[in-house]
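Asks: Take a look at this one; I'll ask things after.
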Amino acid sequence: MPLEFFFSPTSPSCRAVWMLLEHFKGCGADYEEKVVDVQSGAHKTEEYRKINVFEKVPGLKDGDFCMGESRSIAAYICRQLEDEKKQDALYPQDPKCKAKVDSYLYRDITELTKAFDYLNIGGVFFRGETNMCKEYEEDVKNYLDAVEKFLTENKFIAGNHLTVADFFAYVTTGLIYQLSENFEDMSSYPKILEWRKHISELSCHKKTYEDPMEMTRNAYRAKRGLQ
Ligand SMILES: N[C@@H](CCC(=O)N[C@@H](CS)C(=O)NCC(=O)O)C(=O)O
């Protein structure tokens with residue numbers, strides 16, 4: 245039975261997991277896409293609560309095992325689909341390598357929330373507001389500086405090979421870079437640009453990142469009255 249992935253294609257919380265599943269699909273591990281219509285409240289039904297009791301996307305079903313929370317879903321998927329002896333695993337077994345990945349994943353929860361606050365995602369999409377919240381701009385810059393530093397020291401976020409941390413960091417940095425007009429010029433972040441180019445060449449990129457992100461960007465800009 246393939247893994248069943250419950251998600252909304254435009255949700256930033258789902259995107260890294262979707263990229264990961266599509267990446268594994270490219271290596272032969274299939275999964276089933278189950279789109280959850282969050283707009284119509286499909287995540288608040290009795291049926292969906294069996295997948296994720298917190299009524300959030302993403303959710304995952306593996307036989308009769310169900311779980312929520314994107315970062316732990318990503319770790320679980322890797323444990324199920326990766327060869328445990330693999331040296332360059334997306335979710336490493338080695339305690340120190342795994343700790344570096346986990347360390348970014350935990351931090352990413354805060355950084356994604358700050359990016360949401362800065363972009364005023366709630367206000368723009370649900371309350372008719374058109375402003376970003378500039379008071380969070382410094383936090384967002386500090387985050388990008390930290391990512392630039394990681395990528396100056398190593399080729400990827402948590403070391404010298406691609407891991408799940410890269411998928412999550414790609415989504416969070418991308419929200420800032422692609423939605424905020426104040427970060428369109430990323431020339432002071434050359435390592436981030438080089439790393440993003442590398443990830444954009446993965447076969448999962450167009451379907452699970454580029455196309456849905458373009459929809460998100462168009463919707464966000466239209467709501468803010470920008471062209
Ligand atoms: N920490 C959770 C966050 C999930 C989350 O907030 N998902 C949003 C979509 S981006 C959602 O389900 N929103 C629906 C709601 O809150 O009613 C994760 O990473 O999985």
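Heads up, the sequence shown is in our numbering, so the first residue is 245 and it goes up one at a time. Using N, Cα and C, we set each Cβ at its ideal position, and we do this for glycine too. As the structure is a computational prediction, the values presented were derived from the model and not from experiment.
Quick one: is residue 470 buried, meaning 16 or more other Cβ sit within 10 Å of its Cβ, or exposed?
Replies: Looking at its Cβ environment, which holds fewer than 16 other Cβ atoms inside 10 Å, residue 470 is exposed.
Asks: Nearer than 7 Å: is that true of the beta carbon of residue 301 relative to any heavy atom of ligand 3?
Replies: Although ligand 3 was asked about, the structure shown includes only ligand 1 as ligands.
Asks: Please report how far the alpha carbon of residue 324 lies from the alpha carbon of residue 286, in whole angstroms.
Replies: Answer to the nearest angstrom: the Cα atoms are 28 Å apart.
Asks: Under a Cβ-count criterion, where at least 16 other Cβ atoms within 10 Å of its own Cβ denotes burial, should residue 370 be classed as buried or exposed?
Replies: Classification for residue 370: exposed.
Asks: Does the beta-carbon of residue 277, which I'm using as the reference point, lie nearer than 7 Å to any heavy atom of ligand 1?
Replies: No, the beta carbon of residue 277 sits no closer than 7 Å to any heavy atom of ligand 1.
Asks: Helix or strand or just coil, what does DSSP make of residue 310?
Replies: The answer is strand: DSSP assigns residue 310 an E or B state.
Asks: Mind checking residue 386: buried by the 16 CB within 10 Å criterion, or exposed?
Replies: Looking at its Cβ environment, which holds fewer than 16 other Cβ atoms inside 10 Å, residue 386 is exposed.
Asks: Have a look at residue 449 and residue 443 and give me their C-alpha separation to the nearest angstrom.
Replies: Near 8 Å, if we compare the C-alpha coordinates of residue 443 and residue 449.
Asks: I want to check one thing, is the minimum distance from the CB of residue 456 to the heavy atoms of ligand 1 below 7 Å?
Replies: No, the Cβ of residue 456 stays beyond 7 Å of every heavy atom of ligand 1.
Asks: How long is the line joining the alpha carbons of residue 456 and residue 411, rounded to whole angstroms?
Replies: Each residue's Cα considered, the two are about 15 Å apart.
Asks: If I measure Cβ to Cβ from residue 265 and keep anything under 6 Å in the same chain, skipping five residues before and after, which residues do I get?
Replies: Contacts found: 249, 275.
Asks: Hey, would you say the C-beta of residue 256 is under 7 Å away from at least one heavy atom of ligand 1?
Replies: Yes, since a heavy atom of ligand 1 falls inside the 7 Å radius drawn around the Cβ of residue 256.
Asks: Got a sec, what are the start and stop residues for the beta strand (DSSP E) residue 279 sits in?
Replies: Residue 279 -> beta strand (DSSP E) spans 275-279.
Asks: Could you tell me whether any non-hydrogen atom of ligand 1 is closer than 7 Å to the CB of residue 282?
Replies: Yes, ligand 1 has a heavy atom inside 7 Å of this Cβ.
Asks: Can you confirm whether the stretch 387-400 touches the stretch 332-339 when touching is taken to mean that 3 or more C-beta pairs between the two stretches lie within less than 8 Å?
Replies: With the cut-off at 8 Å, the stretch 332-339 and the stretch 387-400 do not touch.
Asks: Grab me the residues of residue 468's own chain with a C-beta within less than 7 Å of its C-beta, minus the 5 sequence neighbours each way, in chain order.
Replies: Around residue 468: 368, 374.
Asks: To the nearest angstrom, report how far apart residue 252 and residue 261 are at their CA atoms.
Replies: Answer to the nearest angstrom: the Cα atoms are 11 Å apart.
Asks: Would a C-beta distance cut-off of 8 Å place residue 304 and residue 292 closer than the cut-off?
Replies: Not in contact: residue 304 and residue 292 (Cβ atoms no closer than 8 Å).
Asks: Just to confirm, is the Cβ distance from residue 419 to residue 363 under 8 Å?
Replies: For residue 419 and residue 363, yes; Cβs fall inside 8 Å.
Asks: Just to confirm, are residue 332 and residue 405 a CB contact at a threshold of 8 Å?
Replies: Contact flag set, yes.
Asks: So the alpha helix (DSSP H) residue 369 belongs to, where does it begin and stop?
Replies: Note, residue 369: alpha helix (DSSP H), 365-370.
Asks: How would you label residue 378, buried or exposed, when you count the other beta carbons within 10 angstroms and need 16 or more for buried?
Replies: So residue 378 ends up on the exposed side.
Asks: Taking 7 Å as the cut-off, is the C-beta of residue 312 nearer than that to any heavy atom in ligand 1?
Replies: True, at least one ligand heavy atom lies under 7 Å from that Cβ.
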